[in-house]
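For reference, the structure is listed below as structure tokens.
Residue numbers (this note's numbering): 2 to 244.
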């Protein structure tokens, strides 16, 4: 093979997430727990179009933001509130921040509603759970409860919204305060009880690329996909509102 041709081939052979030819590029997305189902749906067409392998770390927005602020590896951060995203912004590890969806709080109960929880007022006589105060779903729960004049104490405070949902699905709680999208995701296992006025305390979602991204262009493509019209249509099907 001529020397020039060899020089052209070698860089291509070195491509890939770990230097191996033909392997998909890895993209690590750190995201709020309430995005679990919809982000996994969004990943499938993205992986096919970009020959990428998208991996997720779901959890409390606050915890994830603190991790990336401390330099933890990751390519994209998606949070369920501005305060958490602000932690990463203040650390100087974010790119442009995009608002891509909204959500509202609802009550979920086991199917058939054995605890008879039909409103926030019924929590006083029920075993119920919500997120801890310091995480986004906890902050909005406190706001909704205060607005409704509810003083009933939860049986437990959970680390993220999926942990709260799991307590209801497992039957450990008569009710839980979670996002409307979590009720949609678990529709075969729970019933939802709408909270009047909850739309006045919406949750907004934010996404950004990270300074420590191993492939900045691929990270930017993920944010662009989530904020695209097609991406937002998938979010809407999962119960999310537009920003």
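Glycine included, C-beta positions come from ideal geometry on N, C-alpha and C.
- Taking the CA atoms as reference points, residue 98 sits about 43 Å from residue 115.
- Straight across, the Cα-Cα distance linking residue 177 with residue 224 is about 31 Å.
- Segment contact: the segment 40-56 against the segment 139-148, fewer than three CB-CB distances shorter than 8 Å; contact not assigned.
- Only buried fits residue 85, as 16 or more other CB atoms lie within 10 angstroms of its CB.
- Contact between residue 219 and residue 69 does not hold, since the beta-carbon distance rounds to 17 Å and is not under 8 Å.
- DSSP, reduced to helix, strand and coil, places residue 58 within a strand of the structure shown.
- The beta carbon of residue 179 sits closer than 6 Å to those of 109, 162, 165, 166, all from its chain and outside the five residues before and after it, given in chain order.
- Secondary structure at residue 47: helix, using DSSP grouped into helix, strand and coil.
- Annotation: residue 173 to residue 157 spans about 10 Å, alpha carbon to alpha carbon.
- DSSP links residue 192 through a beta bridge to 110.
- Counting every other CB atom within 10 Å of its CB across the protein chains shown gives residue 131 a total of 16 or more, marking it as buried.
- Residue 65 and residue 73 have their C-alpha atoms spaced approximately 9 Å apart.
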